[in-house]
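First residue of the sequence shown: 244, per our numbering; consecutive thereafter. C-beta: ideal position from N, C-alpha, C; glycine also. Encoded as structure tokens, the structure appears first; notes follow it.
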Amino acid sequence: MKKLSIPSYRVFTFIMLSFLLGVFISSFFNLDFFAIYSVAIAIVVIQVSIYYIFRRDFLIKVIIFSAISFSTGFLFFSYQNTKLSSQILPFGQDKEFSGVVSSYPENEGNRQQFFLHVVDYKAKLLIEAGRYPEFAYGEKLKIKGKIEQPENFFDFDYINYLKRYSVIGIVKNAKIEIVSKNNGNRILSCLYTFRRKFESTIKKNLPEPESSLAVGILIGSKEGFTDEIMNQFNRTGITHIVALSGFNVTIIIVFLSALLLGVINRKTNFVISIIFVILFVALTGASASVVRAAIISLLLAFGATIGRRADKTNLILLAATVMVAINSFVLRYDIGFQLSFLAYIGLVYFSNILIKFFERRPLKNIPKTIQLAVTETLSAQIIVLPLLLTTFGRISIIAPLTNVLILPIIPLSMLFVFLSAIIFFLLPSIGHLAFLISYLPLKYVLLIAKYFSALPLSSIKLKGSWQIILAVVYSLFIGAIYIYLTKFRWAKKSIA
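Printed below as a string of structure tokens:
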């Protein structure tokens, strides 16, 4: 009987997948690390013993290494969760304490919120305050208020959502006094200063609501959006373009790389991508979602440079493993993290399929760079749709049409706005003209949303299990199409 042969690079694939699976499954159990530690160690010892008994069998070795990796992931999440949950805070009591603002304050409506590192409690708190006075990163504040435990609401796990930021307490409507400034990391302070200037430049050069849309698609901020506009986005199924900046950053890098691919060689494309990513991270304040997307985008560019699909798979798994090892909560509770990696999967496994449609008339005459930009943008969207469906809980009847009309424009809008801001910093007079060009695609997106949201029965609000049912059905449908097209219609080399 012929022995099962597994390529060496696939061994790493199995090991990394096993670690991620272990973290994911552990997140469903609120197990105390120290209570299960001895049992887990015993299981690992048994696994190692089996390895030495069957060490000449390559398949058994792969299974054992994967099992050890799974156990490590399971224990790792349990450890991080136990460590965070064991923090002791004076919940429900009026206290006076001081701490340093450790994040970029986010504004929405007449409120602002930020994270505060409290040395006395060795903990991080979420502070919710009025819109004014404005606070900044690195300021030391004296706060008098009540620390509350976060609570889950509806079907949203708000407790674990905050845990991904290492936060287990909230302070609302507190009395706040600024004690001193410039207490944070100098590099982050500079980056956040750049971000403020970046946002201010956009808002000065573009009218509302186009300026808010520009900031939203680049950074993920929803400040300045009226309820009417957000409702239009909800009804047309395009809320994700302003809600999840990390995902959008991945798309814009992919779009830029696709446009340059037919003009310059792969290595030069990779260098330009690196420069662009560094500039983007600096100007947008290096938020967690943007940094994550930057890493993924560089992996995309590097994968395109080396040109091997198996390497791309391991690269993305390696990135996911490293990020989860830094913060295990992002795997299940960070929607931006999930979308970024799902988008990558779509790019790797669907873009080569979609590009086949452009080989037929009349699409065949469209320039190759535009073909690549459109197919790679849509391939990412195809895969993330089930997650968007379960997250936002609304199915838009006209979403397929609106997304087809809008999605190819979003990367272009982001690129125009970003370049316009850079030009404005260097040459203000020319920068004003550049923003006039940026205005047009932004206006187009808003007009599409306004027009289609006014159509009767444009969207249906899903309740309960219907979200999951439709997401599963859609996923199975896409999987069936993928198998059909790759196995029966087109040559296997399209995904090789």
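Check	Outcome
Would Tyr252 be called buried (16 or more neighbouring beta carbons within 10 Å of its own) or exposed?	exposed
DSSP three-state label for Phe272, please.	coil
Going along the chain, which residues of its own chain have a beta-carbon closer than 7 angstroms to the beta-carbon of Leu585, five neighbours each way excluded?	Ile626, Val627, Leu630
Reducing DSSP to helix, strand and coil, say where Gly265 ends up.	helix
Under the three-state reduction of DSSP, which class applies to Val362: helix, strand or coil?	coil
Expressed to the nearest angstrom, what Euclidean distance is found between the alpha-carbon atoms of Ile653 and Phe319?	38 angstroms
Excluding the 5 residues flanking Lys446 on each side, which residues of the same chain have their C-beta closer than 6 angstroms to its C-beta?	Ser454
How about Thr633 and Thr479: do their beta carbons lie closer than 7 angstroms?	no
By the three-class DSSP mapping on this structure, what secondary structure does Gly316 have?	helix
Who pairs with Lys338 in a beta bridge, going by DSSP?	Gly388
Look up Asn428 in the DSSP assignment and say whether it is helix, strand or coil.	coil
In chain order, which alpha helix (DSSP H) runs of at least 4 residues are fully inside the region 617-698?	642-649, 652-669, 671-696
Since Leu368 and Val362 are thought to touch, with beta carbons under 8 angstroms apart, how far apart are those beta carbons, to the nearest angstrom?	Not quite, the Cβ-Cβ distance comes to about 12 angstroms (not below 8 angstroms), so this is no contact.
Closer than 6 angstroms by C-beta to Arg552: which residues in its own chain qualify, once you throw out the five before and the five after it? Chain order, please.	Bear in mind that a pLDDT of 49 at Arg552, under 50, signals an unreliable position, so the number given afterwards is only what the model happens to contain. Same-chain partners within the cutoff: there are none.
Judging by CA-CA distance, which residue of Gln336, Lys338, Val282, Leu359 is the nearest neighbour of Tyr347?	Leu359
Tell me which same chain residues have a C-beta within less than 7 angstroms of the C-beta of Phe659, skipping the five on either side of it?	Ile680, Ser681, Pro684
Assign Ala553 to one of three DSSP states: helix, strand, or coil.	Since pLDDT at Ala553 reaches only 47, below the 50 mark, its modelled position is unreliable, and no value is offered.
Whole angstroms is fine: what's the gap from Phe255's alpha carbon to Arg575's?	22 angstroms
Which same chain residues, not among the five before or five after Ile597, have their C-beta less than 7 angstroms away from its C-beta?	According to the sequence displayed, residue 597 carries Leu and not Ile. Cβ within range, chain order: Thr618, Leu621, Ser622.
Ile411: which of Asn324, Ile484, Phe667 sits nearest, CA to CA?	Asn324
Let me check one thing: in DSSP terms, what residues is Gln355 bridge-paired to?	Asn350, Ala372
If you draw a straight line from the C-alpha of Val647 to the C-alpha of Ile641, how long is it?	10 angstroms
Would you mind giving the Cβ-Cβ distance between Lys389 and Gln336, rounded to the nearest angstrom? I have them listed as a contact below 8 angstroms.	7 angstroms
Could you give the residue range of the alpha helix (DSSP H) that holds Gly740?	Residue coverage of the chain in this structure runs from 244 to 739, which leaves residue 740 outside it and unanswerable.
Report yes if the CB atom of Tyr587 is closer than 7 angstroms to the CB atom of Ile521, and no otherwise.	no
Using a Cβ-Cβ cut-off of 6 angstroms (strictly less than) and excluding sequence neighbours within five positions of Phe276, which residues of its own chain qualify?	Ser321, Tyr322, Thr325
Does the beta-carbon distance from Gly342 to Gly381 come in below 7 angstroms?	no
If you drop the 5 nearest sequence neighbours on each side, which residues of the same chain put their C-beta closer than 8 angstroms to that of Met473?	Lys465, Thr482
Taking only three categories from DSSP, how would you classify Ser571?	coil
If you measure between the beta carbons of Asn448 and Phe661, is that distance less than 7 angstroms?	no
So Phe262 and Ser312 are supposed to be a Cβ contact under 8 angstroms. How far apart are they, rounded?	5 angstroms
Are the C-beta atoms of Gly427 and some chain D residue less than 7 angstroms apart?	Among the protein chains of the structure shown there is no chain D, as only one such chain exists.
Report the partner residues of Val344 according to the DSSP bridge assignment.	Leu359
State buried or exposed for Asn416, treating a residue as buried only when at least 16 other CB atoms are found within 10 Å of its CB.	exposed
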